[in-house]
Amino acid sequence: MRRAGPRLNRVRIVKGALRRLLDDECLDRAAGLSFYALLSAAPAILAMVSLLGVVGEAESTTKAVLSVVHGVSAEAAKAIRPLIVELTESSSAGVTLIGSLLLAIWSSSKYIGALGRALNAVYRVEETRPYWKFKPLMLLMTVVTLIVLAALGLLLVLSGPIAETLGELIGMGAVALLIWNVVRWPVFVFFVMLLIALLYYVTPNVRQPKFRWVSLGAFVAMFVLLAVSACFVLYINNFSSYNVTYGSIGGVIVGLAWVWMVNLSLLLGAEFDAEIERERQRQSDGDADVLFRRPRGGGRSDRGSQERPGDGTHSSPGRPADRSHSNSGPRNQATGR
Numbered sequence: 068m069r070r071a072g073p074r075l076n077r078v079r080i081v082k083g084a085l086r087r088l089l090d091d092e093c094l095d096r097a098a099g100l101s102f103y104a105l106l107s108a109a110p111a112i113l114a115m116v117s118l119l120g121v122v123g124e125a126e127s128t129t130k131a132v133l134s135v136v137h138g139v140s141a142e143a144a145k146a147i148r149p150l151i152v153e154l155t156e157s158s159s160a161g162v163t164l165i166g167s168l169l170l171a172i173w174s175s176s177k178y179i180g181a182l183g184r185a186l187n188a189v190y191r192v193e194e195t196r197p198y199w200k201f202k203p204l205m206l207l208m209t210v211v212t213l214i215v216l217a218a219l220g221l222l223l224v225l226s227g228p229i230a231e232t233l234g235e236l237i238g239m240g241a242v243a244l245l246i247w248n249v250v251r252w253p254v255f256v257f258f259v260m261l262l263i264a265l266l267y268y269v270t271p272n273v274r275q276p277k278f279r280w281v282s283l284g285a286f287v288a289m290f291v292l293l294a295v296s297a298c299f300v301l302y303i304n305n306f307s308s309y310n311v312t313y314g315s316i317g318g319v320i321v322g323l324a325w326v327w328m329v330n331l332s333l334l335l336g337a338e339f340d341a342e343i344e345r346e347r348q349r350q351s352d353g354d355a356d357v358l359f360r361r362p363r364g365g366g367r368s369d370r371g372s373q374e375r376p377g378d379g380t381h382s383s384p385g386r387p388a389d390r391s392h393s394n395s396g397p398r399n400q401a402t403g404r
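Below you can see the structure in the form of structure tokens.
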């Protein structure tokens, strides 16, 4: 029987994660990630709609997509409706599909790279992976992310009349459709958490002991995201006057604010994962400021770091190793300097 390890100080983990969320400038980093997300969202939507135009199922699915967007923001749905209708009725949907797919992969890879730099700042490490290894890995992660997001989009779209039509085509009964409408939401949540765990595992330059299908940080990010999204939708539908304040671009502003909350939730979850590892490190050797991760690339995470004899950890002379990263590499890496 395995002996249980020491219990982690949950209060210290929560306080540490929230404090480091501010110390690591995660609010600003989430804003930068939101720009890249917005940059990649347009070609991704174009690719999806163009694909629907190619297969000839554009009209019904476009209505479903617009209904999902309308649930968040009626102004945003009104703004993108003409573009989607024009694309689905275009005779060059195939060419648009190829171009938008390439553009979606390129722009989404910029988001994945920026997320990696932000997570490096969370873990207080520098990017030391060689370009020939780093870039293909980020492109592969980009493709995986787009595939998972496309599958999640289908889970949202395949409901109501569309699910009934497909059910009739493949011979599903009413009971099977009812089960599908219930089961798809837990499946949706699981795949979102799995995608978050993949992003946490692949993008930062830290050596993970093993892949965790669902990390505590991913759970925190998902929970905060759902709670914040529900409150945000409630606010804009009942109390906000953003359409009066921003006029025709009100829908874009609302969407951008929600994307910022999504990215902030991702960074908060990463802070929780990092703080849990720091707490384990404190309990293993009593030093709260020891650097608990070594970069995958084999290099040091701080130019001035030295390895402590006997424990294999890094620290800078005269100050704790964990704090030595707060004003150096990761901030410059995450901002592209």
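Numbered per the numbering used here, the sequence shown finishes at 404, counting up by one with no gaps. Glycine is no exception: its CB is placed at the ideal position from the N, C-alpha and C atoms.
Straight-line gap, residue i to residue j (C-alpha atoms, nearest Å)
i, j, result
"Leu-331", "Trp-325", "10 Å"
"Arg-375", "Gly-318", "Here Arg-375 scores only 38 on pLDDT, less than 50, and its place in the model should not be relied on; the value that follows carries that caveat. Looking at the two C-alpha atoms, the distance is approximately 54 Å."
"Val-189", "Pro-271", "9 Å"
"Phe-278", "Tyr-267", "10 Å"
"Ala-217", "Leu-262", "12 Å"
"Val-210", "Ala-111", "12 Å"
"Leu-283", "Gly-336", "8 Å"
"Arg-87", "Arg-349", "16 Å"
"Gln-400", "Arg-274", "Unreliable positioning characterises Gln-400 in this predicted model, as indicated by a pLDDT of 42, which lies under 50. The coordinate reading is nonetheless provided below. Between Gln-400 and Arg-274, the C-alpha separation is close to 18 Å."
"Thr-212", "Asn-304", "30 Å"
"Ala-322", "Tyr-302", "Rather than Ala, the amino acid found at residue 322 in this sequence is Gly. Using only the alpha carbons, I get a separation of about 13 Å."
"Met-289", "Met-260", "7 Å"
"Pro-253", "Ala-241", "20 Å"
"Glu-405", "Leu-244", "Because residue 405 is not part of the residues shown, which for the chain are 68 to 404, the question remains open."
"Ile-165", "Ser-351", "53 Å"
"Leu-75", "Arg-184", "28 Å"
"Gly-396", "Ala-109", "Residue placement at Gly-396 is flagged as unreliable, the pLDDT there being 45, under the threshold of 50; the coordinate-derived value follows with that caveat. Taking the straight line joining both Cα atoms gives about 32 Å."
"Arg-77", "Arg-347", "11 Å"
"Arg-191", "Phe-102", "23 Å"
"Ala-294", "Pro-149", "31 Å"
"Tyr-198", "Leu-334", "24 Å"
"Gly-379", "Leu-89", "For Gly-379, the predicted model reports a pLDDT of 41, less than 50, meaning its position is unreliable; a value from the coordinates is still stated below. Roughly 29 Å separates the two Cα atoms."
Sequence-distant residues of the same chain with beta carbon closer than 8 Å to residue i, five excluded per side
i, result
"Ser-107", "Ala-171, Ser-174, Ser-175, Lys-177, Tyr-178"
"Ala-104", "Tyr-178, Val-326, Val-329, Asn-330"
"Met-208", "Ile-179, Leu-265, Leu-266, Val-269, Thr-270"
"Gly-377", "For Gly-377, the predicted model reports a pLDDT of 39, less than 50, meaning its position is unreliable; a value from the coordinates is still stated below. None."
Close Cβ partners of residue i (< 6 Å) along its chain, the five nearest in sequence each way excluded
i, result
"Arg-79", "none"
"Met-205", "Ser-176, Ile-179, Gly-180"
"Leu-168", "Ala-114"
"Leu-186", "Thr-270, Pro-271, Ala-337"
"Ala-355", "The predicted position of Ala-355 is uncertain, since its pLDDT is 44 and thus under 50; a value taken from the coordinates is nonetheless stated next. Result list for Ala-355: Arg-349, in chain order."
"Asp-91", "Ala-188, Val-189"
Beta-carbon proximity check, residue i vs residue j, cutoff 9 Å
i, j, result
"Glu-342", "Ala-84", "yes"
"Val-281", "Ala-264", "yes"
"Val-215", "Phe-257", "no"
"Phe-339", "Val-81", "yes"
Neighbour flag for residue i against chain D, beta carbons, 9 Å
i, result
"Val-254", "This model lacks chain D altogether; it includes just one protein chain."
Range of the contiguous alpha helix (DSSP H) that encloses residue i
i, result
"Val-300", "283-305"
"Leu-88", "77-90"
Residues near residue i by beta carbon distance below 7 Å, same chain, minus five either side
i, result
"Leu-182", "Leu-100, Leu-266, Thr-270"
"Leu-292", "Val-329, Ser-332"
"Ala-285", "Met-260, Ile-263, Ala-264, Tyr-267, Gly-336"
"Ile-316", "none"
Does the region 91-104 come close enough to the region 195-214 to have 3 or more Cβ pairs within less than 8 Å? No, they do not touch.
Would the region 297-304 and the region 245-252 be scored as touching if the rule is three or more Cβ pairs under 8 Å? No, they do not touch.
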